[in-house]
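In the numbering used here, the protein residues as written are 20 to 828.
The beta carbon of each residue, even a glycine, is placed where N, CA and C say it ideally should be.
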């Protein structure tokens, strides 16, 4: 090994704590940066590539066939801003389908068994389904394209149904089609495709024929631009003709939203980690140079050139930083696995690895930044004259801090504390470095606690509304274990074999049972929503009773109060471009019902995509409301099992029974986010505290002679600890007072984009995360970080022997 290599190895081995700090801080920075940049690229690039390759449509619009003619719809292809268009195509929505008895599939998630109802199907026909030109090219996953009027291709059905039959039971003629393939539309423009003759079979059987157009626009990159484009189309056709639309931004959000929700807070942690890395490395290398001035002089006297000295001290920082970069890159890739595992298979992005270029650019870029940061003080070491380094002392100049010392001595404080308060003024630059380290730590803690509070409130909201109940009442009798057994299994909400509750009778019985505080009934009506995204199921829930006790929140508008009114969930409204005052059309077994949207609520049940309607509205329109569950709130101090026993006995004649308290499962995505935030914030907090520790150790060693004098004059170990801790307390307090507002601002700027990534506008109950009880302890957080970092060197100073300290210079 060369002489230079021995110097580097000796320096790294001698400064184990400093090396560990540098490795840890670069690890935190690289982990966050790899995750944020990698996730953004991994989930966006496949969608963008698929959208370009398949000529995706910016907007798919469905027009009412009874209000706008085909020629009027076709003319919208020349509307202002339209750069390309395809159609018109015939389309019919909300066809109730039954899987044929000859289909033996057990189904995937949410799919029923053979012979039962399937999710409603939106069917369209195109002249050439296998075309490789035109907007929204359909990709065949399995099987073949339909070639005659009796065949159909479906999306997201069990593979076992290939070659089997599907019956559209909501049509009077109940036409049956053979499933010949499975395909997908990138922007979910339909969930079933057939030939023009096949579509004619549906209309002959009673299906309503509407018209679909696909568009590209000059400007369609934001929700605001898409809304403006939609308004242009609305003005180009007869009033009320535009029934629904689907934006390509919604499709992108469905495919990439969960992963993109991680990006905002990971970027913040990545930037904080990078700045903290630069700061800590500057502190460590500068401290190494200052504390080793005499060693540098010896190296120069032995023949080391200025360049060799500079390289030696830069390398002492690069070695631990390289270790941190390598481990951080690996760690970032491992953490990406659970996040990317849910990426849409339709994009060809279901792999759980980050792009290769991210694993190259981030580590190399971090090492370059670290290298430049370490080289600046290292070059200073190389330029020091050999003679000066051999004779210079390390104590601060005598005139520094004298005014502060005189002022502190006049304060009514113990002498040890006044000495500590004045100490930062003797080395203001070093105090500034301590303050900067504490500042980043305080920002990280404030930011992390704000996010964690927001996550907790979001999880609480998931347990509110239609997920809130002490117990639930469902159809069916209880088995021997006390769990309800629904007769006949699940056939679909519109299947006559599916059991439902009589809301009036159940409500009357519940009101007679002592301990019942409040209750309401609800259920999936089996209706479909015209214009809702076909790739992500949504449902219309009919409600009987008052659910205000559940705490379900409104984002805008009001709750329904009269016939023909509805409240739409925020996520569904965002996906459909629906606002308060608009109308939505729902269809139950071929019967349409137009509803006025009077409110937008923050609701996470049914995937956050639901329409709430009063049961009376359905009944008045000649539709059938389905109630298959009652949510019951029990009074305080009510014994749940005893109430359940009484209720089961009373409800038994109504073929209903009580289920246990419904599960209030947490979002796995939010749980993963919470774990990441906790991990990264703890890492940065430890780094900040270790940065303080390194600086205080260096300062204590340089002042060891002064400590010896103080001890000789009678300073006790406890007073020594007090002096050292006080020397960083004021700096920590100031840094904390500055860091908390910065951390709160970062959290406010981060939480909202995280919700927007998944199509949610978070309510104030979630975004208002900082209470007085949280902020006050955080304001003192800077002091805590500083004291934690200074605690070990304070103990070392207290244990040092007077004679040894007096002999040290």
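Measuring straight from C-alpha to C-alpha, what distance separates residue 183 and residue 197? Looking at the two C-alpha atoms, the distance is approximately 6 Å.
Where does residue 552 sit, in a helix, a strand or coil, going by DSSP? Three-state DSSP puts residue 552 in coil, outside helix and strand.
Secondary structure at residue 157, three-state DSSP: helix, strand or coil? Three-state result, residue 157: coil.
Which residue comes first and which comes last in the alpha helix (DSSP H) that contains residue 670? Segment 659 to 670, the alpha helix (DSSP H) holding residue 670.
Smallest Cα separation from residue 580: which of 166, 564 and 153? Closest option to residue 580, Cα to Cα, is 564.
Using the Cα positions of residue 337 and residue 212, report the straight-line distance between them to the nearest angstrom. Approximately 60 Å, taken between the alpha carbons.
Per DSSP, residue 86 forms a beta bridge with which residues? For residue 86, which the question treats as bridged, DSSP gives no partner whatsoever.
Would you say the stretch 682 to 701 touches the stretch 555 to 574, given that touching needs at least three Cβ pairs under 8 Å? By the C-beta criterion, the stretch 682 to 701 is judged not to be in contact with the stretch 555 to 574, since fewer than 3 inter-stretch pairs fall below 8 Å.
Can you tell me whether residue 425 is helix, strand or coil according to DSSP? For residue 425, the secondary structure class from DSSP, reduced to helix, strand or coil, is helix.
So residue 11 packs on residue 217, CB below 8 Å; how close in whole Å? Residue 11 cannot be examined here, being either before or after the span of the chain that is shown, 20 to 828.
Which residues bound the beta strand (DSSP E) around residue 678? Here the beta strand (DSSP E) through residue 678 covers 675 to 678.
Could you check how far apart the C-beta atoms of residue 344 and residue 382 are, in whole angstroms? I think they sit under 8 Å. 5 Å between Cβ atoms; contact.
Could you tell me whether the stretch 255 to 275 touches the stretch 63 to 81, where touching means 3 or more Cβ pairs closer than 8 Å? Yes, the stretch 255 to 275 is in contact with the stretch 63 to 81.
What's the call for residue 45, buried or exposed, on a 16-neighbour Cβ count within 10 Å? Buried, by the Cβ-count rule.
Quick check: what's the CA-CA separation for residue 774 versus residue 692? Residue 692 has its alpha-carbon roughly 13 Å from the corresponding atom of residue 774.
When DSSP labels each residue in this structure, what does residue 187 get in the three-state scheme? DSSP places residue 187 in the strand class (E or B) of the three-state scheme.
Alpha-carbon to alpha-carbon, residue 352 and residue 41: Each residue's Cα considered, the two are about 21 Å apart.
Taking the straight line between their C-alpha atoms, what separation do you get for residue 617 and residue 629? Taking the straight line from one Cα to the other gives about 14 Å.
Who are the Cβ neighbours of residue 226 in its own chain at under 7 Å, not counting the five residues just before and after it? Excluding residues within five positions, the ones whose Cβ falls inside 7 Å are 111, 114 and 190.
Bounding residues of the alpha helix (DSSP H) (the contiguous stretch that carries residue 486): Taken as a continuous stretch (DSSP letters only), residue 486 belongs to no alpha helix (DSSP H), as it is neither H nor E.
Just how far apart, CA to CA, sit residue 578 and residue 588? The straight-line gap from Cα to Cα measures roughly 12 Å.
Among the residues of its own chain, which have a CB less than 6 Å from the CB of residue 286, if the five just before and after it don't count? Cβ neighbours of residue 286 beyond the five flanking positions: 55.
Would you identify the three-state DSSP class for residue 599, choosing helix, strand or coil? Coil at residue 599, not helix or strand.
Range of the contiguous beta strand (DSSP E) that encloses residue 615: Per DSSP, the unbroken beta strand (DSSP E) holding residue 615 starts and ends at 610 to 621.
Report buried or exposed for residue 442, applying the criterion of at least 16 other Cβ atoms within 10 angstroms of its Cβ. Residue 442 is buried by the Cβ-count criterion.
The beta strand (DSSP E) that contains residue 542, what's its start and end? Annotation: the continuous beta strand (DSSP E) that includes residue 542 extends over 535 to 543.
Ordered along the chain, which non-local residues of its own chain (more than five positions away) have a Cβ less than 6 Å from that of residue 238? Cβ neighbours of residue 238 beyond the five flanking positions: 244.
Starting from the C-beta of residue 105, find all residues in its chain whose C-beta is less than 6 Å away, skip the five residues before and the five after it, and write them out in chain order. Excluding sequence positions up to five before and after residue 105, its CB lies within less than 6 Å of the CB of 153, 154 and 233, all in the same chain and listed in chain order.
In chain order, what residues of the same chain have a beta carbon less than 6 Å from the beta carbon of residue 380, not counting five sequence neighbours either side? Contacts found: none.
Boundaries of the beta strand (DSSP E) in which residue 633 is found, first to last residue: Note, residue 633: beta strand (DSSP E), 629 to 633.
DSSP state of residue 532, grouped into three classes? Under the three-state reduction of DSSP output, residue 532 falls in the coil class, being neither helix nor strand.
Output the distance between the C-alpha atoms of residue 294 and residue 462, rounded to the nearest integer angstrom. Answer to the nearest angstrom: the Cα atoms are 12 Å apart.
Straight-line Cα distance separating residue 168 from residue 544: In this model, residue 544 and residue 168 are separated by some 31 Å (Cα to Cα).
So the alpha helix (DSSP H) residue 779 belongs to, where does it begin and stop? No alpha helix (DSSP H) contains residue 779, which DSSP labels as neither H nor E.
Can you find at least 3 beta carbon pairs, one from the stretch 452 to 469 and one from the stretch 699 to 711, that sit closer than 8 Å? In short, these stretches touch, since the Cβ pair count reaches three.
Starting from the C-beta of residue 60, find all residues in its chain whose C-beta is less than 7 Å away, skip the five residues before and the five after it, and write them out in chain order. Same-chain partners within the cutoff: 374 and 377.
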